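Asker: Residue numbers (my numbering): 14 to 894. The structure follows.
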Amino acid sequence: MKELSSAQIRQMYLDFFAQKGHDIMKSAPLVPQDDPTLLWINSGVATMKKYFDGSVVPKNHRMTSSQKSIRTNDIENVGRTARHHTLFEMLGNFSIGDYFKKEAINWAWELLTSKDWFALDPEKLYITVYPKDTDAKKIWLEAGVKEDHIYEDEDNFWDIGEGPSGPDSEIFYDRGQAMNNVAEDDPQNYPGGENERYLEIWNIVFSQFNHKPDGTYEELPHKNIDTGMGLERVVSVFQNAKTNFETDLFMPLIKETEKLSGKYHYGQDPEKDISFKVIADHARAVTFAIGDGALPSNEGRGYVIRRLIRRAVMHGQKLGIDQAFLYKLVPIVGQIMEAAYPEILEQADYIQKVIRMEEDRFNETLKDGVALLDDLIDQTKAAGQTELLGAGVFKLYDTYGFPYELTLEYASDNGLGVDKAGFDTEMEKQRERARNARSGAKSMGVQNGLLTDITTPSEYVGYSELNALGTVEDIILDDALVNEAQADTTVQVIFDKTPFYAEMGGQVADKGLVKDEDGNVVAEVMDVQHAPNGQNMHTLKLRQKLAKGMTYRLEVNREFHNKVKKNHTATHLLDQALRDVLGEHTHQAGSLVEPTYLRFDFTNLGAVTAEQLQQVEDIVNAKIWANLPVETVVTDLESAQKMGAIALFGDKYGDTVRVVKAGDYSMEFCGGNHVDNTNELGLFKIVSESGVGAGVRRIEAVTSKEAFEFLEQRNNLLQETAAEMKVVQLKEVPRKVEALQAQIKELEQQKQALEAKFASQQAQDIFKDVAKVNDHTLIVAKVNVSGMDQLRQLADQWKEKDLSEVLVLATAPAKDKVNLIVGVSDAGIKAGIKAGDLIKDIAPLVGGGGGGRPNLAQAGGKNPAGIGEALAKAKTWLADK
């Protein structure tokens, strides 16, 4: 067997298929672009869906890639099995309606066994096929596979529900009985069985059916090939590694972790080995995820990153690493993957900064988690139970990142078990919530042969003309091609030439009219989208009959179009200004260019300050007033990159690209419409800045007339404010506001002083009334104070004077608001009384809820009428103690 590194194996795979006429597709970002069904890119085919379902026809129908992917559905298995990972690479070759089974099978066998390529021993390769797929079995035999090396398996059918599906063939490598985890005569000891001997290294899917909504299958109009070879798995074969972790993809990370630990070494203790593997795996995943624009947060993919970092930190502690360390592994990840992903080392400083911040934050959170766990253990013991409740254990896991195993360990040290069934129930609820959050959209559409077969050429002339003659090439009515369509119908139409821009890159589609030679309106242009083969496909609402082959005048709404292009140019200036102010780590995460405003999403660690926003706005306006010429250059991709043009994050570009330049300031890949000079924008004004997701911020802004109107509206509000304050000059408004604020602050202090005095006077009365309830002492009262702050002051006085074991106070500062506070003295706690337990029992009577520590708890409610009942309940509750 050849000795190959992971980088050599990856490149050899891609080179092989490039020789077979495939385009090598760059790995897409892990953060899906325009796909709400996915949290992460989780396979090679995930980036090819638009080609498989026919919504886009690729330039080359043969493609190959090594696609980075993330899956976290079984994260608990990482480190415990030989091949579970959160981040992995999937090598794949794809045919979109081009070659099929014969070529796919023969090429697979050639790559695996040829001396020029992988040169694996054919005797060690086994194939599984779908029993009804006799064609595939025949082709494998003809390729040179022995009949006793082919197994039929009913599971060899790839189907994800509605959409493309079909039989598949899996390829297994025999690593020998020495690598096995089952006996030689075990029923599972066969290719496809549950064993470690026969390792699945490649799956070839023959996508030939449409799985229809009614559950039936029909032949696809264009059959496809989709394959997947896990790089980590095949590397373990070439490097004769027992697991994926003993390869050059992971061992440098494990070795570095050994140094950071200084206590333990890989291979000495199976339990410690799990921690080494988890850290290596998670370091790779979070490095790539953050590099691709995701950031830690409490939801979605940000939650996944946070969870991975926290799991790694906890496993670091098991190895004796008690300080931030995970960020130190980022350069190691970059060095391992540099051949295919040089951007990791380029972004290493930024990625390390994000991880270090999250590690430091977790170390603080960890202290709260330990305290919560201690409380949970105390409550369990006090209740006479022998197991920690599953819901409480899950909260530790979900909120504080405590691995289940760690909680189990702590519980065991305290003589308790854990309700594993309850924990699993909560975990399944969380998974169900995640599934439901993404269930609104189909994972892959059904192929539409009609649209993919329309290849008539159509030229876009809107860069220079907004009024042009166009001949009707195709009319689609009710999913069928027709020669003509009548008035009062809505059709899709392709013209041989059009000035109408099809929605793309955030820029909305043009609006306008279709007229006949006499100037009569034939149709309104409602929308324009790209057809699968790239033509501009117009959605028309017909007023008159439209016929194929007829020529019409196509008129774009100039006002609409001109306002859109001003805002589009503004997004380019804004993009560069944000990089200037926030740093090069920020990049565009989406945009919308409408005629009346623009919306720009970008990545950033936190909110943009008011000062930074002002800087950005000032820069954009400076570039507008600098009268920068806006030019477009059409060139090849390599030349555009050498020019320094900014590419939209995650977008793929063809050989020929269009670059839009605003003087020497901004230069971006863009196919949209722009002004000729920045001075046409007139004015730029940011309207708002907000967060829209983990690590993604959004700016909304206006230009030109809308910017003037926005400022005019603000000026009118300021004039009204000045008039209300009886201020003559606008410049005096801030000073007047400052004076009023000082006056309000002084009055508030006076009010608080009076309230405190009044509360103290009440305290003298209520603290005298100490009730005896069985063996306990209790002060319970309704007081007239303004809220929780005053209740806490009274509780502090009570505590200082040690007047009773239990204090219960209530106030109703408003007609629909109640505040409750419960205090328990040290003597009361020793007697088994807890403030949190008491308040949970009485708060519902005032229409609320609350909680707190054993010595102090508080609650809010909305039903003042229930105060009397709540205070009475406090006495009966204490009587039962």
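All C-beta atoms, glycine included, are put in the ideal place defined by N, C-alpha and C. If you're wondering where the values come from, they're calculated on a predicted model, not measured in any experiment.
What separation, rounded to the nearest whole angstrom, lies between the Cα atoms of Gly67 and Arg246?
Answerer: 31 Å
Asker: Just to check my reading of the structure: Glu681 and His585 have Cβ atoms closer than 8 Å, yes? What is that Cβ distance to the nearest angstrom?
Answerer: Yes, they are in contact, since the Cβ atoms of Glu681 and His585 sit about 5 Å apart, within 8 Å.
Asker: When the distance is taken between beta carbons, is Leu379 closer than 8 Å to Leu409?
Answerer: no
Asker: For Arg188, list the residues DSSP reports as bridge partners.
Answerer: Note: Arg188 sits in no beta bridge, so no partner.
Asker: By a C-beta neighbour count over all protein chains shown, 10 Å radius and 16 as the cutoff for buried, is Arg319 buried or exposed?
Answerer: buried
Asker: Taking the straight line between their C-alpha atoms, what separation do you get for Gln557 and Leu233?
Answerer: Rounded to the nearest angstrom, the two C-alpha atoms are 36 Å apart.
Asker: Along the chain, which unbroken stretches of the beta strand (DSSP E) at least 3 residues long are found entirely within the region 836–863?
Answerer: none
Asker: Please work out which residues of its chain come closer than 7 Å, Cβ to Cβ, to Met192, disregarding the five sequence neighbours upstream and downstream, and give them in chain order.
Answerer: Glu209, Arg210 and Lys255
Asker: Can you have a look at Thr270 and say buried or exposed, based on whether 16 or more other CB atoms are within 10 angstroms of its CB?
Answerer: buried
Asker: I need the straight-line Cα distance from Val786 to Asn311, nearest angstrom please.
Answerer: A direct Cα-Cα distance of roughly 46 Å separates Val786 from Asn311.
Asker: Anyone know if the C-beta pair for Ala794 and Leu833 falls short of 8 Å?
Answerer: The Cβ-Cβ distance between Ala794 and Leu833 does not fall below 8 Å.
Asker: How do the region 489–503 and the region 557–571 stand: do at least 3 beta-carbon pairs fall below 8 Å, yes or no?
Answerer: yes
Asker: If you compare alpha carbons, which of Gly836, Tyr473 and Lys830 is closest to Glu813?
Answerer: The alpha carbon of Glu813 has as its nearest neighbour, out of Gly836, Tyr473 and Lys830, the alpha carbon of Gly836.
Asker: Arg556 by DSSP, collapsed to three states: which one?
Answerer: coil
Asker: Given a cut-off of 8 Å on the beta-carbon distance, is the pair Asp199 and Ser220 in contact?
Answerer: no
Asker: Quick check on the burial criterion: 16 or more other C-beta atoms within 10 angstroms. Buried or exposed for Ile22?
Answerer: buried
Asker: By how many angstroms is the C-alpha of Leu567 removed from the C-alpha of Gly532?
Answerer: 10 Å
Asker: What does the Cβ neighbour count give for Arg93, buried or exposed, with the cut at 16 atoms within 10 Å?
Answerer: When all chains shown are included, Arg93 counts as exposed.
Asker: Go ahead and label Pro470 buried or exposed: buried means 16 or more other beta carbons lie within 10 angstroms of its beta carbon, across all protein chains shown.
Answerer: exposed
Asker: Alpha carbon to alpha carbon, how far is Thr734 from Leu743?
Answerer: 9 Å
Asker: Just to confirm my understanding: we take Tyr164, look at its own chain, exclude 5 residues before and 5 after, and list those with CB closer than 8 Å. What are they?
Answerer: Tyr139, Ile140, Thr141, Val142, Tyr203, Pro204 and Gly205
Asker: Hey, how far is the Cα of Tyr417 from the Cα of Thr393?
Answerer: 17 Å
Asker: Just list the residues that DSSP pairs Lys830 with in beta bridges.
Answerer: Ala827
Asker: Taking just the CA atoms, how far does Ser40 sit from Asp28?
Answerer: Taking the straight line from one Cα to the other gives about 15 Å.
Asker: Between which residues of its own chain and Asn686 is the CB-CB distance below 8 Å, once the five residues before and five after are set aside?
Answerer: Exclusion of the five residues before and after Asn686 leaves Gly475, Tyr476, Tyr514, Gln520, His574, Val577, Lys578 and His581 as the residues of its chain whose Cβ lies within less than 8 Å of its Cβ.
Asker: Do you know offhand how far Trp153's Cα is from Tyr279's?
Answerer: 42 Å
Asker: Any idea if Asp286 is buried or exposed, counting beta-carbon neighbours within 10 angstroms, 16 or more meaning buried?
Answerer: buried
Asker: Consult DSSP for Gln628 and reduce its assignment to one of helix, strand or coil.
Answerer: helix
Asker: Roughly how many angstroms separate the alpha carbons of Pro877 and Asp850, rounded to a whole number?
Answerer: 21 Å
Asker: Alpha carbon to alpha carbon, how far is Pro344 from Asn549?
Answerer: The straight-line gap from Cα to Cα measures roughly 46 Å.
Asker: Just to confirm the assignment, what range does the alpha helix (DSSP H) spanning Ala95 have?
Answerer: According to the DSSP assignment, Ala95 belongs to no alpha helix (DSSP H), since it is labelled neither H nor E.
Asker: Check whether the region 48–62 and the region 256–263 are in contact - that is, three or more C-beta pairs closer than 8 Å.
Answerer: no
Asker: What does the alpha-carbon distance come out to for the pair Lys455 and Glu175?
Answerer: With a pLDDT of 46 at Lys455, under the threshold of 50, the predicted position of this residue should be treated as unreliable, though the coordinate-derived value follows. Going by the C-alpha atoms only, they are around 8 Å apart.
Asker: Rounded to a whole number of angstroms, what is the C-alpha to C-alpha distance between Leu6 and Glu183?
Answerer: With the chain represented from 14 up to 894, any question about residue 6 goes unanswered, as that position is not in the structure.
Asker: When you compare only the Cα positions, how much space is there between Trp171 and Trp122?
Answerer: 21 Å
Asker: Have a look at Ala493 and Leu479 and give me their C-alpha separation to the nearest angstrom.
Answerer: 29 Å
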